[in-house]
């Protein structure tokens with residue numbers, strides 16, 4: 011018991027420390043470098059990502075996310091979050107003790123303050139990630155950059171490698187907040203970058219040449235993005251169109267995140283009747299590509315190539331796909 015609390019406290023402290031470091035680094039970069047430099051873009055990303063991870067550490071699931079998890083898993087065993095909520099409901103049904111009630115009132119006020127802080131941090135994280143995306147996008151597409159010297163071309167390639175990472179984190183935030191349509195949009199935007207990167211790596215290899223660990227990681231990230239699209243689609247509300255609040259045609263200054271506004275006024279990504287089929291298509295593609303990864307892993311293991319942490323990451327991906335498959339099965343069985 012005590013050791014776990016200490017570990018959680020240490021983790022929270024380290025995350026808060028990371029936020030302070032990235033905030034200072036970003037401020038220094040903005041004053042000493044160009045605000046549209048690749049260094050600034052990376053600082054914006056790291057700061058936004060650290061803010062989001064700290065919120066998740068403090069509050070693994072928000073109430074709306076919990077509710078959606080319950081709605082979409084009717085045949086599943088109660089999740090830990092559901093069990094905690096039921097325990098709280100049982101406690102509230104007991105005869106209240108005035109002292110406990112006063113203490114609970116104070117705790118509720120603290121919870122409200124925490125909720126406000128978390129919302130502010132989420133909004134700030136989205137702002138930072140949006141700015142990061144805008145800078146990387148400019149470096150990857152600007153005509154002046156594309157006609158410059160080799161170092162600038164390297165900057166373009168670096169930007170192209172970072173854009174899907176930024177988009178995936180934006181998708182993670184929207185998914186965490188229960189805005190699954192916006193999550194689908196962000197993950198789908200990341201897909202072409204992942205696909206192009208994997209294709210370029212494949213073309214760069216000689217015929218029959220084995221993959222490197224970096225090549226394997228690129229394939230794994232592609233499969234992971236397909237899986238994230240499928241998972242977000244399955245999480246969307248049944249009987250409703252999949253809608254995102256971000257209309258690409260109405261973006262200003264490359265901004266791709268929207269913190270307010272009703273989803274009903276956004277852009278329809280997938281019609282309600284096609285949602286499950288689209289999810290199944292992305293899930294099937296992920297499974298098919300995962301088989302290629304497992305085959306390549308076998309070849310690399312036979313060649314005694316050390317996979318390092320990539321082997322563990324692929325293991326997590328396998329479990330993720332199993333979970334998505336179970337959600338798909340329950341969803342189709344309920345119909």
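In the working numbering, the protein residues as written are 11 to 345. Cβ atoms here follow ideal geometry from the backbone N, Cα and C, with glycine treated the same way.
Using the C-alpha atoms, what's the distance from residue j back to residue i?
i: residue 185; j: residue 198; result: 13 Å
i: residue 252; j: residue 282; result: 7 Å
i: residue 303; j: residue 29; result: 35 Å
i: residue 305; j: residue 291; result: 22 Å
i: residue 147; j: residue 247; result: 32 Å
i: residue 131; j: residue 138; result: 10 Å
i: residue 164; j: residue 37; result: 25 Å
i: residue 46; j: residue 188; result: 31 Å
i: residue 35; j: residue 134; result: 16 Å
i: residue 227; j: residue 320; result: 7 Å
i: residue 324; j: residue 243; result: 22 Å
i: residue 315; j: residue 210; result: 22 Å
i: residue 42; j: residue 308; result: 48 Å
i: residue 63; j: residue 178; result: 13 Å
i: residue 287; j: residue 40; result: 46 Å
i: residue 341; j: residue 162; result: 48 Å
i: residue 204; j: residue 173; result: 9 Å
i: residue 250; j: residue 206; result: 32 Å
i: residue 200; j: residue 317; result: 25 Å
i: residue 284; j: residue 298; result: 21 Å
i: residue 213; j: residue 224; result: 14 Å
i: residue 8; j: residue 313; result: This structure cannot settle anything about residue 8, because the visible part of the chain is limited to 11 through 345.
i: residue 289; j: residue 215; result: 32 Å
i: residue 44; j: residue 151; result: 18 Å
Does the beta-carbon of residue i have 16 or more other beta-carbons within 10 angstroms, so that it is buried, or is it exposed?
i: residue 160; result: Confidence at residue 160 is low in this model, with a pLDDT of 49, below 50, so its placement is unreliable and no value can be given for it.
i: residue 234; result: buried
i: residue 31; result: exposed
i: residue 311; result: exposed
i: residue 329; result: exposed
i: residue 332; result: exposed
i: residue 222; result: exposed
i: residue 296; result: buried
i: residue 126; result: exposed
i: residue 326; result: exposed
i: residue 344; result: exposed
i: residue 202; result: exposed
i: residue 229; result: buried
Within the same chain, show all residues whose beta-carbon is closer than 7 Å to that of residue i, passing over the 5 residues directly before and after it, in chain order.
i: residue 279; result: 191, 194, 195, 252, 253, 254
i: residue 60; result: 25, 28, 29, 32
i: residue 142; result: 51, 54, 55, 58, 176
i: residue 149; result: 48, 155, 165, 166, 169
i: residue 66; result: 186
i: residue 171; result: 207
Considering only residues of the same chain and omitting the five flanking positions on each side of residue i, which have a CB-CB separation below 6 Å?
i: residue 276; result: 253, 254, 255
i: residue 208; result: 228, 229, 232
i: residue 300; result: 233
Which residues in the same chain have their Cβ closer than 8 Å to the Cβ of residue i, if we skip the five residues on either side of it in sequence?
i: residue 293; result: 236, 237, 240, 331, 334, 335, 338
Please confirm whether any heavy atom of the ligand FAD lies closer than 8 Å to the CB of residue i.
i: residue 308; result: No copy of the ligand FAD occurs in the structure displayed, which carries no ligand at all.
With a cut-off of 9 Å, does the C-beta of residue i fall near any C-beta of chain B?
i: residue 179; result: Of the chains in the structure shown, none is chain B; there is only one protein chain.
Segments of 4+ residues assigned as alpha helix (DSSP H) that fall wholly inside the segment 272-301: For secondary structure counted as the alpha helix (DSSP H) over 4 or more consecutive residues, the segment 272-301 holds no complete run.
Minimum length 3: unbroken beta strand (DSSP E) runs contained in the segment 180-235: The qualifying runs do not exist here; there are none.
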